[in-house]
Amino acid sequence: MAALNAPLGIFGGTFTPIHNGHLRLALELRERLALSAVHLIPSSRPPHRDSPQVSPQRRFDWVRLAIGTEDGLIADDRELRRQGPSYTYDTLASLRQEHPDRPFVLLLGDDVANQFHAWHRWREITDLAHLVFVERPFEPPAPAPELVAHLRGRRAHEASELHARPHGLWMSAHIPPLSISSTRIRRLLKAGRSVRGLVPEAVISSFTPEDISLLSHDEDPAND
Ligand code: ATP
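For what it's worth, UniProt numbering labels the leading residue of the sequence shown as 1, then goes sequentially.
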């Protein structure tokens, strides 16, 4: 059982659609880092890629279905309730108002480490949260030198360090890799192939012909 002031995990993504790689990441890290909960937060208007054709509300519905009754995972729609680009800084700032003292842990795939320095107010994100980079099943691009310089001397090696202060550290986490991406799922759907075992059953059961058509026509992200 997580302690009273155990950190809150924050996991954002476009989730077009959410898949088992996302779920395993949230569950593994909730357990390993003894997080009180993990908020899964679909990006309404991702600032650094085209907005998915699938609506934010539909992508949020899938997050809720994927979580089901799992304890400690929370489908959080705060980015759907804001106008303008969905900046992670703003999301963390709004969570901080609700939890003034709680450590925050921002969960990121390590493929994000070469783009993070382009995020809105990225340096200030470390004034709100710790960063945990999770290994993806492919070789990540090298982290940007700006990020490396900013994080120098702030590495945590134990989860307990993330519990001891509210923000400002970073950590790398290895979880058993699942070679799943939303891009791959969209490609399979486009080819009329099965996505069983990659996407939670409740999400697959909810797919309408329109969902499948929109997913099939969503572009691959430019940087994929
Ligand atoms: P796309 O293929 O459309 O880029 P994605 O599968 O990478 O999608 P996103 O919604 O863009 O999913 O990702 C949200 C976060 O989840 C990112 O930090 C990404 O690195 C991470 N992530 C996605 N899939 C996995 C996986 N299989 N294992 C670990 N992390 C993952």
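Glycine included, C-beta positions come from ideal geometry on N, C-alpha and C.
In the DSSP assignment, residue 174 is bridged to no other residue. Residues whose Cβ lies closer than 6 Å to any heavy atom of the ligand ATP, listed in chain order: 13, 14, 15, 16, 21, 22, 25, 108, 109, 111, 112, 134, 136, 178, 180, 181, 182, 183, 221, 224.
When rounded, the separation of the alpha-carbon atoms in residue 106 and residue 201 is 27 Å. Two segments are said to touch when three or more pairs of C-beta atoms, one from each, lie closer than 8 Å; by this definition the segment 157-164 does not touch the segment 176-186. According to DSSP, residue 196 shares a beta bridge with 199. Counting the other Cβ atoms within 10 Å of the Cβ of residue 13 gives 16 or more, which makes it buried.
Residue 115 has its alpha-carbon roughly 12 Å from the corresponding atom of residue 148.
Looking at the DSSP output, residue 39 shares a beta bridge with 10, 74. Of 22, 166, 54, the smallest CA-CA separation from residue 100 is found for 166.
The closest CA to that of residue 93, considering only 55, 122, 180, is found on 122.
Comparing C-alpha distances from residue 48 to each of 169, 213, 152, 119 shows the shortest one belongs to 119. Secondary structure note for residue 104: it is in no alpha helix (DSSP H), and the uninterrupted beta strand (DSSP E) holding it is 104-109. Inter-residue distance for residue 69 and residue 22 is about 16 Å (C-alpha atoms, whole angstroms).
Counting along the chain, the unbroken beta strand (DSSP E) around residue 130 starts and ends at 130-134.
Residue 191 has its alpha-carbon roughly 31 Å from the corresponding atom of residue 113. The alpha-carbon of residue 81 is positioned some 19 Å away from that of residue 50.
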